[in-house]
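Residue numbers (my numbering), protein chains in the order written: chain V, -14 to 179; chain X, 13 to 111.
We treat Cβ as the ideally placed atom computed from N, Cα and C, and that holds for glycine.
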């Protein structure tokens, strides 16, 4: 049968990468649901959104945006390094990515505690409920990414990767980039134009 | 487990650097644009810049520009689903609660 022959031509590494992409698309739709909620809340409570979003620290949000973009840059370089068989550069860039991921989480923690100390909680208003849900779920993704990248770094120290074997590095990097892309939308929608 | 050594997705280092610089520049731009009151244009402007940044990450950092039709097909499908998800939810909610 024709389509079976097509499957055989499909290389194995491609299928594992495609698996990661399918997972990423399910993540897009997960956050898509939250963005839909955001759109509805914003449309129904426009005045409240306009007022409440001014409580957010744009400087800290912008710094975190750059931190996450910077980490994405390093994880891209980690993949580029191992594609060229450069093991030491792989570890260095992975370590930088993990460090920047932790910086992001610390900043997020500072932001949250500032909100709590001002008496702002998820149940304070519609805006802050969607703010805490989106940034909280995103933060959880960053945390999972940091853990996954640490496992990859550990495996790199065991010498498990080479220029012909780096599917796991690539898959984890793709996940990290997606977490970055989600933040690219979260930052303007919550901090800037709410 | 192995990746083919075809080298089809080897991308020069300067491209990664250029993309990162562009991403930071767009971040500055989006903050500046948001500071100017453009009325109804602020939101589409912010979304456009964000989409531009997301495309840069996708094409160059995630190597989408080297991917074949399978992965592009999945990407197109999820984005195709995303728009009605948000648009229909929004129109439905507005219909019920606002009018």
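Check, Outcome
"Within chain X, the residues that residue 72(V) reaches when beta carbons sit closer than 7 Å", "Chain X residues near residue 72(V): none, gap ~15 Å exceeds 7 Å."
"Per-residue DSSP class, three states only, for residue 42(V)", "coil"
"Residue 22(X), DSSP secondary structure in three states", "coil"
"Distance, residue 150(V) Cα to residue 141(V) Cα", "11 Å"
"Cross-chain neighbours of residue 141(V) in chain X, by beta carbon under 7 Å", "The premise fails here: residue 141(V) is roughly 15 Å from chain X at the closest Cβ pair, so nothing lies under 7 Å."
"Positions along the region 71 to 91 of chain X whose CB lies within less than 9 Å of some CB in chain V", "72, 73, 74, 75, 79, 80, 82, 83, 86, 87, 89, 90 and 91"
"Meets three-Cβ-pair contact criterion under 8 Å: the region 126 to 135 of chain V and the region 103 to 115 of chain V", "no"
"Neighbour list for residue 81(V) in chain X, Cβ cutoff strictly below 8 Å", "Here the premise fails: no neighbours, minimum Cβ distance about 12 Å."
"Exposure of residue 57(V), with buried meaning 16 or more beta-carbon neighbours within 10 Å", "buried"
"Cα-Cα separation, residue 104(X) to residue 13(V)", "21 Å"
"Cβ contact (3+ pairs, closer than 8 Å) linking the region 25 to 45 of chain X and the region 71 to 83 of chain V", "no"
"Against chain V: residues of the region 43 to 64 of chain X by CB proximity under 9 Å", "43, 45, 46, 47, 54, 55, 57, 58, 59, 61, 62 and 63"
"Contact list for residue 173(V) against chain X, beta-carbon separation under 8 Å", "42, 46, 58, 59, 61 and 62"
"The region 50 to 66 of chain X / the region 77 to 96 of chain X touching (three or more Cβ pairs under 8 Å)", "no"
"Buried versus exposed, by CB contacts within 10 Å (16 or more), residue 49(V)", "buried"
"Extent of the continuous alpha helix (DSSP H) to which residue 36(V) belongs", "31 to 37"
"Exposure of residue 74(X), with buried meaning 16 or more beta-carbon neighbours within 10 Å", "buried"
"Under 7 Å from the C-beta of residue 108(V): neighbouring residues of chain X", "Simply none; closest approach about 20 Å."
"Test: residue 37(X) CB closer than 8 Å to a CB of chain V", "no"
"Three-state secondary structure assigned by DSSP to residue 148(V)", "coil"
"Straight-line gap, residue 31(V) to residue 0(V) (C-alpha atoms, nearest Å)", "45 Å"
"Within chain X, the residues that residue 20(V) reaches when beta carbons sit closer than 9 Å", "94, 97 and 98"
"Coarse secondary structure for residue 75(X), derived from DSSP in three states", "coil"
"C-beta atoms of residue 6(V) and residue 72(X) nearer than 8 Å", "no"
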